[in-house]
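So the structure is just underneath, and the comments pick up after that.
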Amino acid sequence: MILFGGEHCGVCQSIKPRLAELLASDFPKVQLCYIDCEAHGDIAAAHRVFTLPVIELYFHGQAFGRFIKVFSLAEVKEAIARPYQLLD
């Protein structure tokens, strides 16, 4: 999971620890990677991130889901649950 955020994005700063907690408790095989878009604009642009926050989900290197700006943790959890069952 990649979370694209920024230091001045209140939602990003609020959701980052909540996502980490969700992954640790329910999906320990999924890693959270945080990209600060203010510091790494080139990476954000390469992923077509133009608003914050954005979450991209990957399983076995393949993009699986994308959440942009307005979403709930329940939606993210639901999106992870199904493919997570297939992980060894």
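The UniProt record's numbering puts the sequence shown at residues 1 to 88. C-beta: ideal position from N, C-alpha, C; glycine also. The structure displayed is predicted, hence computed values, not measured ones.
Classify residue i as helix, strand or coil using the three-state DSSP reduction.
{"i": "leucine 19", "result": "helix"}
{"i": "glycine 65", "result": "strand"}
{"i": "valine 11", "result": "helix"}
For residue i, report the span of its alpha helix (DSSP H) as first-last.
{"i": "arginine 82", "result": "73-84"}
{"i": "alanine 39", "result": "Note, alanine 39: premise wrong, no alpha helix (DSSP H); not H, not E."}
Can you name the start and end residues of the beta strand (DSSP E) that residue i belongs to?
{"i": "glycine 6", "result": "Careful: glycine 6 lies outside any beta strand (DSSP E) and carries neither H nor E."}
{"i": "valine 54", "result": "54-59"}
Cβ atoms of residue j and residue i: under 9 Å apart, would you say?
{"i": "leucine 22", "j": "leucine 57", "result": "no"}
Rounded to whole angstroms, what's the CA-CA distance from residue i to residue j? Just pull it up for me.
{"i": "leucine 32", "j": "leucine 3", "result": "7 Å"}
{"i": "histidine 40", "j": "serine 14", "result": "20 Å"}
{"i": "valine 76", "j": "proline 17", "result": "14 Å"}
{"i": "leucine 87", "j": "valine 70", "result": "28 Å"}
Going by C-alpha distance, which of the options is nearest residue i?
{"i": "isoleucine 35", "options": "Ser25, Cys9, Ala24 and His60", "result": "Cys9"}
{"i": "glutamine 62", "options": "Cys37, Pro83 and Leu19", "result": "Pro83"}
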